[in-house]
Amino acid sequence: MDSYIRMFEDHCRGNNDNPTIGLILCSKKNEAIAKYSVLKESKQLFASKYKLYLPTEAELKKELEHERELIEEGQK
Amino acid sequence: MQKKLKKAEPLAQGFYSQVREIIQEARTKAYRAVNFIMVEAYWNVGRLIVEQEQQGRKRAEYGDYLIIELAKRLQTEFGKGFDERNLRNMRAFYQTFPIRNALRSELSWTHYRFLLKVENESARKYYMEEAIGGHWSTRQLERQINSFYYERLLASKNKQPVIAEAREKLAQVSTEEFIRDPYVLEFLNLKGYPGLRESDLETAIINNLQSFLLELGKGFSFVARQKHLRFDDEDFYVDLVFYNYILKCFVLIDLKIGKLTH
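Line by line, the protein sequences are chains A and B.
Residue 160 is where the first sequence starts when you use my numbering, and the numbers rise one by one after that.
Residue -19 is where the second sequence starts when you use my numbering, and the numbers rise one by one after that.
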């Protein structure tokens, strides 16, 4: 993910945009994982500002697990 | 003398879009056709069950026996899509929508399953028309039904805010992606094809995730799916790109699917 972020920063981010962040999601059968990915130089900004507006990793984990359950249930 | 190999050039964006559109349109059409054939087949199975039950001696008991036995044999031959619960759904489907010509090809079997749960006929008809006219996904239909959208509309003197709120939430979700109903895959006996299943599960989850983030109301706006990045002559794809207009930053999302249940 870090390399995706760097690539994106180099080629797609605009001059007036704030640093890009990543979100890694993994959906397994009975469990999901959500993890934000932030480049070293942006960690301070992430902790002090970004976190206030972003859904928490716990919220995302719960949502993913619920979605997976709904979809798998629809296949019975 | 060997010619020096030219560095591979990326494709022109317009050209790729055209090719992509052809394929997506074809997939959607094929999917829609199969879906409707399946819905009609289920309707006919429901009809046969009801007609057979009416010929049975003691109706209530025979009905149960019939469904149980039928489910057993059908599942052996055709798989999980024909379990008792789904056969009961097919029966209810025929009883609720007795006119075959009234079946709408825009609705999937899952749409109909949700509609069957709405007992009030006016409400059900309303949801049906809205789902078709508004191109609601099954998730959107489910949400509208669960939020008593119809009842709230009836109850409020000023309907505009209720309608506007619903439309706003629905409009935020991109309707380009045609979510594929897992029932159709099973109907076509494609369940055992792991590659196809995993990508469908991934698409379904990403679609739901997209809705979730847009509905959060925390400044997320949709930018792209499968965003192409190129580095060192290699191609990379980011599953989902959002822009948060409050934070004024991009959010790149990558999804990995772990082991499937079957």
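Each residue gets a CB set at the ideal place from its N, CA and C atoms; glycine is no exception.
Keep in mind the model is a prediction, meaning the values are calculated, not measured.
Chain B contact residues for residue 179 of chain A, given Cβ-Cβ distances below 8 angstroms: Your numbering for residue 179 of chain A matches position 20 in the first sequence. Listed along chain B are 229, 230, 231 and 232, each with a C-beta nearer than 8 angstroms to that of residue 179 of chain A.
Residue-chain proximity (residue 161 of chain A, chain B), Cβ-Cβ < 8 angstroms: As a working mapping, residue 161 of chain A is identified with position 2 in the first sequence. Closer than 8 angstroms to the CB of residue 161 of chain A there is not a single CB belonging to chain B.
Cutoff 8 angstroms: residue 157 of chain B Cβ touching any chain A Cβ: Locating residue 157 of chain B in the second sequence gives position 177, counting from the first residue. For residue 157 of chain B, the predicted model reports a pLDDT of 42, less than 50, meaning its position is unreliable; a value from the coordinates is still stated below. No Cβ of chain A is located within less than 8 angstroms of the beta carbon of residue 157 of chain B.
Collapsed DSSP secondary structure at residue 215 of chain A in the structure displayed: The residue labelled residue 215 of chain A in the question sits at position 56 within the first sequence. Three-state DSSP puts residue 215 of chain A in coil, outside helix and strand.
For residue 207 of chain B, the three-state DSSP class (helix, strand or coil): Here residue 207 of chain B refers to the residue found at position 227 of the second sequence. The three-state secondary structure of residue 207 of chain B, taken from DSSP, is strand.
Contacts of residue 198 of chain B in chain A (Cβ-Cβ under 9 angstroms): Sequence index remark: in the second sequence, residue 198 of chain B carries index 218 (1-based). Result: 212, 213 and 214.
Rounded Cβ spacing between residue 234 of chain B and residue 198 of chain A (contact assumed at less than 8 angstroms): Here the question's residue 234 of chain B lines up with position 254 in the second sequence. Here the question's residue 198 of chain A lines up with position 39 in the first sequence. About 15 angstroms separates the two Cβ atoms, so there is no contact after all.
Coarse secondary structure for residue -3 of chain B, derived from DSSP in three states: If you number the second sequence from 1, residue -3 of chain B lands on position 17. Of the three classes helix, strand and coil, the one that applies to residue -3 of chain B here is helix, per DSSP.
Cβ of residue 198 of chain A within 8 angstroms of any chain B Cβ: Translated into the one-based positions of the first sequence, residue 198 of chain A becomes position 39. Taking 8 angstroms as the CB threshold, residue 198 of chain A stays off the interface with chain B.
Cβ separation of residue 64 of chain B and residue 51 of chain B, assumed to be a contact under 8 angstroms, to the nearest whole Å: Position 84 of the second sequence, counted from the start, is the residue given in the question as residue 64 of chain B. Position 71 of the second sequence, counted from the start, is the residue given in the question as residue 51 of chain B. Confirmed, Cβ separation roughly 4 angstroms.
Within the segment 99 to 155 of chain B, ranges of the alpha helix (DSSP H) (whole runs, at least 4 residues): Counting only runs of 4 or more, we get 101 to 113, 118 to 126, 129 to 135 and 139 to 151.
Under 8 angstroms between C-beta atoms of residue 94 of chain B and residue 166 of chain A: Here residue 94 of chain B is taken as the residue at index 114 of the second sequence, counted from 1. Here residue 166 of chain A is taken as the residue at index 7 of the first sequence, counted from 1. Their beta carbons are not under 8 angstroms apart, which means residue 94 of chain B does not touch residue 166 of chain A by this criterion.
Residue of B:120, B:126 and B:102 minimising C-alpha distance to residue 134 of chain B: Stepping through the second sequence from its first residue, residue 134 of chain B is reached at position 154. Answer by Cα proximity: B:102.
Residue closest to residue 82 of chain B, alpha-carbon to alpha-carbon, out of B:109, B:120 and B:100: Here residue 82 of chain B refers to the residue found at position 102 when the second sequence is read from its first residue. Closest by C-alpha distance to residue 82 of chain B, out of B:109, B:120 and B:100, is B:109.
Limits of the beta strand (DSSP E) - the one that residue 223 of chain B falls within: Stepping through the second sequence from its first residue, residue 223 of chain B is reached at position 243. Membership of residue 223 of chain B in the beta strand (DSSP E) is indicated by the continuous run 214 to 224.
Same chain only: Cβ atoms within 7 angstroms of residue 32 of chain B, ignoring 5 sequence neighbours per side: Sequence index remark: in the second sequence, residue 32 of chain B carries index 52 (1-based). 46, listed in sequence order.
Where residue 121 of chain B meets chain A, residues with beta-carbon distance less than 9 angstroms: Numbered from 1 along the second sequence, position 141 holds the residue referred to as residue 121 of chain B. Correct list: empty, because the minimum Cβ distance to chain A is about 13 angstroms.
Inter-stretch contact (C-beta, 8 angstroms, three-pair minimum) for the segment 210 to 228 of chain B and the segment 8 to 16 of chain B: Short answer: they don't touch.
Beta carbon of residue 125 of chain B nearer than 8 angstroms to that of residue 98 of chain B: Here residue 125 of chain B refers to the residue found at position 145 of the second sequence. Here residue 98 of chain B refers to the residue found at position 118 of the second sequence. Yes. Within cutoff.
Residue 229 of chain B - partner residues in DSSP beta bridges: Start at 1 with the first residue of the second sequence, and residue 229 of chain B comes out as number 249. DSSP, once it has assigned bridges, lists A:177 and B:224 as partnering residue 229 of chain B.
Whole alpha helix (DSSP H) elements within the segment 20 to 71 of chain B, 4-residue minimum: Those alpha helix (DSSP H) runs which fall completely within the segment 20 to 71 of chain B and span 4+ residues are 39 to 58.
Neighbour flag for residue 228 of chain A against chain B, beta carbons, 8 angstroms: Position 69 of the first sequence, counting from 1, holds the residue named residue 228 of chain A. No, residue 228 of chain A lies away from the interface with chain B (no Cβ there is under 8 angstroms from its Cβ).
Nearest residue (CA-CA) to residue 207 of chain B, options B:-8, B:182, B:194 and B:221: Translated into positions along the second sequence, residue 207 of chain B becomes position 227. Taking only the C-alpha atoms, the option nearest residue 207 of chain B is B:221.
Residue burial classification, residue 191 of chain B (beta-carbon count within 10 angstroms, cutoff 16): As a first step, residue 191 of chain B is located in the second sequence; it is residue number 211 there, counting from the start. Classification for residue 191 of chain B: buried.
Proximity below 8 angstroms, CB of residue 212 of chain A to CB of residue 224 of chain B: By 1-based counting over the first sequence, the position of residue 212 of chain A is 53. By 1-based counting over the second sequence, the position of residue 224 of chain B is 244. Yes, the pair counts as a contact, with Cβ atoms nearer than the cut-off.
Under the three-state DSSP convention, the category residue 185 of chain B falls into: The residue you call residue 185 of chain B lines up with position 205 of the second sequence. Assigned with DSSP and collapsed to three states, residue 185 of chain B falls in helix.
Where residue 198 of chain B falls: helix, strand or coil (DSSP): In the second sequence, counting from the first residue as 1, residue 198 of chain B sits at position 218. The three-state reading of DSSP puts residue 198 of chain B in coil, since its state is none of H, G, I, E or B.
Within 8 angstroms, strictly: CB atoms of residue 76 of chain B and residue 96 of chain B: Locating residue 76 of chain B in the second sequence gives position 96, where the first residue counts as 1. Locating residue 96 of chain B in the second sequence gives position 116, where the first residue counts as 1. Going by C-beta atoms, residue 76 of chain B is nearer than 8 angstroms to residue 96 of chain B.
Distance between residue 187 of chain A and residue 213 of chain B (C-alpha atoms, nearest Å): Counted from its first residue, the second sequence places residue 213 of chain B at position 233. Counted from its first residue, the first sequence places residue 187 of chain A at position 28. Annotation: residue 213 of chain B to residue 187 of chain A spans about 32 angstroms, alpha carbon to alpha carbon.
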